[in-house]
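Asks: So that you can map any letter, position 36 of the sequence shown is 36 in full-length UniProt numbering, and since no number is skipped, the others follow by simple counting.
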Amino acid sequence: MQNQEPPKIEFPCPGYPIKVLGENAHDFQDFVIETLRGLMPEDDIDLLGMRSAPSRNGRFLSITVKIVAQSEGHLSTIHETFMSSSRVRMVL
Numbered sequence: 001m002q003n004q005e006p007p008k009i010e011f012p013c014p015g016y017p018i019k020v021l022g023e024n025a026h027d028f029q030d031f032v033i034e035t036l037r038g039l040m041p042e043d044d045i046d047l048l049g050m051r052s053a054p055s056r057n058g059r060f061l062s063i064t065v066k067i068v069a070q071s072e073g074h075l076s077t078i079h080e081t082f083m084s085s086s087r088v089r090m091v092l
């Protein structure tokens with residue numbers, strides 16, 4: 001069996017997908033957008049390609065948006081910022 005290293009990300013990385021999962025509330029998508037706007041220029045957020053999907057029972061909502069990731073540190077900051085909110089259950 002051969003060990004494979006994960007692919008290296010070259011920064012800046014356009015089209016990097018961020019998925020945020022939280023309680024299904026009418027303003028959850030707006031919350032995700034506003035949080036991202038506070039962390040990067042709006043031009044680095046692909047709002048037109050944003051997708052949302054409710055969970056099977058409708059309790060949760062996932063929002064997927066592509067961004068221009070600037071660095072590993074930038075991705076860590078995005079993750080930490082979302083996870084510090086009580087509205088967010090998971091960030092991928």
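For glycine and all other residues, C-beta sits at the position ideal for the given N, C-alpha and C. The model shown is predicted, which means the values in this text are computed figures rather than measured ones.
Rounded C-beta distance between D44 and V68? I'm assuming under 8 Å.
Replies: Yes, D44 and V68 are in contact; Cβ-Cβ is about 4 Å, under 8 Å.
Asks: Just verifying my parser: in three-state terms, what is the DSSP assignment at I9?
Replies: The answer is coil: DSSP assigns I9 none of H, G, I, E or B.
Asks: Write down the C-beta distance between S71 and S62 rounded to the nearest angstrom, noting that I regard them as a contact closer than 8 Å.
Replies: About 25 Å separates the two Cβ atoms, so there is no contact after all.
Asks: List, from N- to C-terminal side, the alpha helix (DSSP H) runs of 4 residues or more that fit wholly inside the segment 6-76.
Replies: Entirely contained in the segment 6-76, the alpha helix (DSSP H) runs reaching 4 residues are, in chain order, 28-37.
Asks: Run through the DSSP bridge pairs and tell me what M90 is partnered with.
Replies: DSSP lists L21 as partners of M90.
Asks: Report yes if the CB atom of K66 is closer than 7 Å to the CB atom of P12, and no otherwise.
Replies: No; because the gap between Cβ atoms is not below 7 Å, this pair is not in contact.
Asks: Do L39 and I78 have their C-beta atoms within less than 7 Å of each other?
Replies: A contact, by the Cβ cut-off of 7 Å.
Asks: To which residues of the same chain is N24 closer than 8 Å at the C-beta, ignoring the five residues directly before and after it?
Replies: Hits under 8 Å: P54, S55, G58, R59, F60 and L61.
Asks: Quick one: Cα of residue 122 to Cα of P14, how far?
Replies: Past the edges of the chain, shown from 1 to 92, lies residue 122, and the structure says nothing about it.
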